[in-house]
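Enquirer:
Numbering (our numbering), first residue to last: 8 to 132.
#1: Could you tell me the boundaries of the beta strand (DSSP E) in which residue 112 lies?
#2: Would a C-beta distance cut-off of 7 Å place residue 40 and residue 50 closer than the cut-off?
#3: Rounded to whole angstroms, what is the Cα-Cα separation between residue 56 and residue 119?
#4: Pick from 61, 113 and 93: whose alpha carbon is nearest that of residue 85?
#5: Suppose the cutoff is 7 Å on Cβ atoms and the five residues either side in sequence are ignored; what does the same chain contact list for residue 99 look like?
#6: Would you report the Cα separation of residue 95 and residue 101, rounded to the nearest angstrom?
#7: Residue 89: buried (16+ other C-beta within 10 angstroms of its C-beta) or exposed?
#8: In this structure, does DSSP put residue 102 in helix, strand or coil?
#9: Just tell me which of 83, 33, 121 and 87 has its CA closest to the CA of residue 70.
#10: What residues are listed by DSSP as bridge partners for residue 92?
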């Protein structure tokens, strides 16, 4: 079994900006199976770890905190102003939507380079 610290992502083929990317969609079940195989742990163990990690991340960010995963990126809440809402088709006024927060993720420069995207983060955490 590996500790996880020496695991590295496989090399990624660089892409030109605007180049079509064939979409690879991975379900939660498949992601957990791949994660378990890479870490050499049983799928059930990987599922428990995945569920705990997501729950902890959402709890911290939901309480206004930030989660920084070194060499990966950070998760944080971002405020959005409330607004009036209406049905686009009927133009019916649906009332006021109060201020709310959404979960945001900012990848590190090295992660962005790994997926071939332009870096948006100046810090490489």
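Glycine is no exception: its CB is placed at the ideal position from the N, C-alpha and C atoms.
Expert: In terms of the structure at hand:
#1: Looking up residue 112 in the chain shown gives position 105. 107 to 114 is the extent of the beta strand (DSSP E) around residue 112.
#2: If you number the chain shown from 1, residue 40 lands on position 33. If you number the chain shown from 1, residue 50 lands on position 43. In this structure, residue 50 lies closer than 7 Å to residue 40 by Cβ.
#3: Your numbering for residue 56 matches position 49 in the chain shown. Your numbering for residue 119 matches position 112 in the chain shown. The straight-line gap from Cα to Cα measures roughly 25 Å.
#4: For this step, residue 85 is matched to residue 78 along the chain shown. The residue with the shortest Cα to Cα distance from residue 85 is 113.
#5: Taking the chain shown and counting its residues from 1, the one referred to as residue 99 is at position 92. Taken in chain order, the residues that qualify are 93.
#6: If you number the chain shown from 1, residue 95 lands on position 88. If you number the chain shown from 1, residue 101 lands on position 94. Their backbone Cα atoms lie some 10 Å apart in a straight line.
#7: Here residue 89 is taken as the residue at index 82 of the chain shown, counted from 1. With fewer than 16 other Cβ atoms within 10 Å, it is exposed.
#8: The residue given as residue 102 occupies position 95 in the chain shown. Note: residue 102 maps to strand in three-state DSSP.
#9: In the chain shown, the residue the question calls residue 70 occupies position 63. Of the candidates 83, 33, 121 and 87, the one whose C-alpha sits nearest the C-alpha of residue 70 is 83.
#10: Residue numbering aside, residue 92 sits at position 85 when the chain shown is read from its first letter. DSSP output for residue 92 lists 102 as bridge partner(s).
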